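Let me begin by presenting the structure, written as structure tokens, before commenting on it.
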Ligand code: ARG
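Residue numbers (mature numbering (1 follows the signal peptide of the UniProt record, and there is no 0)): -24 to -1, 1 to 249.
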């Protein structure tokens, strides 16, 4: 009896040891999360795999909630590009909406396969994420009430400005506050809140990218926007987790879309007057 037990335990021990060696030997630890296309039920033979795209759907016409069809749907330029690319590469896209400042962290923790949010590749972000080639350009503008006549940063001394938390507009506003005396910067999560603050007069202006500013001003006739003259162009690119296997393939499709007219078609669809 005693003997049998020890043979059994020896067998178990060596099996365990073998399993551990095998596990370590591959040098390729299995990853969990979206990075491996893990959403439930995906990845069976013949079935399309799903990529999770994270965005901040407050950025018309890049991405926003469309309620006109009676159901709540996230649509826009970025969504169309994502769907086109995914389709070319044999994936489905699942869009998940979050606050803008949560997007890069979502990549870092593998909760998303990629981010499209009109996001500009900055050196800071490049430390934590990888970016595709740039697919569209934007410039910063100052949004204010028409009656305020505010069109230049110099007019903002002692005033309040709103920007999106974690955006390059937040950085621009902080930079501005170094030269514009007494400028107070308010950082908020969603563009809708920022525009609301301007409309109610709780802040005097906001920094918003041109295409998005234009869309907000169209639906709020009391507002105006002026391009910030000295501002450089901000490109939008797709962000991925560091070391993502998707970057090169996505870049190939972006290139193809620029060459075959698909990108121009989508620009026309979402940005034309
Ligand atoms: N381009 C700016 C940035 O990268 C703003 C992007 C905001 N995008 C959004 N979906 N709210 O910081």
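Virtual Cβ for every residue (Gly too), placed ideally from N, Cα, C. This one's a predicted model, so the numbers in the text were calculated from it and none came from an experiment.
Check	Outcome
Unbroken stretches of the beta strand (DSSP E), 3 residues or longer, contained in the segment 23 to 79	25 to 31, 39 to 42, 49 to 51 and 67 to 73
Among 166, 109, 104 and 180, the one whose alpha carbon lies nearest that of residue 140	166
Closer than 7 Å: residue 145 CB and nearest the ligand ARG heavy atom	yes
Any non-hydrogen atom of the ligand ARG within 7 Å of residue 163 CB	no
As assigned by DSSP and simplified to three states, the class of residue 246	helix
Three-state secondary structure assigned by DSSP to residue 210	strand
For residue 113 and residue 209, believed in contact at Cβ under 8 Å, the rounded distance	5 Å
Own chain, CB closer than 6 Å to residue 135, minus 5 neighbours either side, in chain order	180
Helix, strand or coil at residue 163 according to DSSP, with G and I counted as helix	strand
Strand pairing of residue 235, partner residues [DSSP]	Paired residue(s): none; residue 235 is not in a bridge.
Residue 140 Cβ short of 7 Å to the ligand ARG heavy atom set	yes
Cβ distance (whole Å) where residue 49 is taken to contact residue 42 below 8 Å	5 Å
Opening and closing residue of the beta strand (DSSP E) in which residue 185 lies	181 to 185
Length of the line joining the Cα atoms of residue 83 and residue 91	8 Å
Rounded straight-line distance, which links the Cα of residue 121 to that of residue 198	6 Å
Beta-carbon spacing of residue 212, residue 37 below 8 Å	no
Selected residue, minimal CA-CA separation from residue 132, among 123, 142 and 156	156
Residues that residue 202 bridges to, as DSSP identifies them	118
6 Å Cβ shell around residue 233 - same chain, five flanking residues per side excluded	239
Buried versus exposed call for residue 145 [16 or more other C-beta atoms within 10 Å across all chains shown]	buried
Boundaries of the beta strand (DSSP E) in which residue 138 is found, first to last residue	136 to 140
Run of the alpha helix (DSSP H) containing residue 152, from where it starts to where it stops	144 to 155
Close-in-space but distant-in-sequence residues of the same chain around residue 12 (CB under 7 Å, 5 per side omitted)	Reliability fails at residue 12, whose pLDDT of 47 lies under 50, so the model's placement of it is uncertain and the value that follows must be treated cautiously. Excluding positions up to five away in sequence, the list is empty.
Status (buried if at least 16 other CB within 10 Å, exposed otherwise) for residue 116	buried
C-alpha gap between residue 18 and residue 62, whole angstroms	Per-residue confidence for residue 18 stands at a pLDDT of 47, beneath the threshold of 50, marking its modelled position as unreliable; no derived number is given.
Rounded C-alpha distance that separates residue 129 from residue 138	13 Å
Buried or exposed by the 16-neighbour rule on C-beta atoms within 10 Å, applied to residue -1	For residue -1, the predicted model reports a pLDDT of 38, less than 50, meaning its position is unreliable and no value from the coordinates is stated.
DSSP state of residue 105 mapped onto helix, strand, coil	coil
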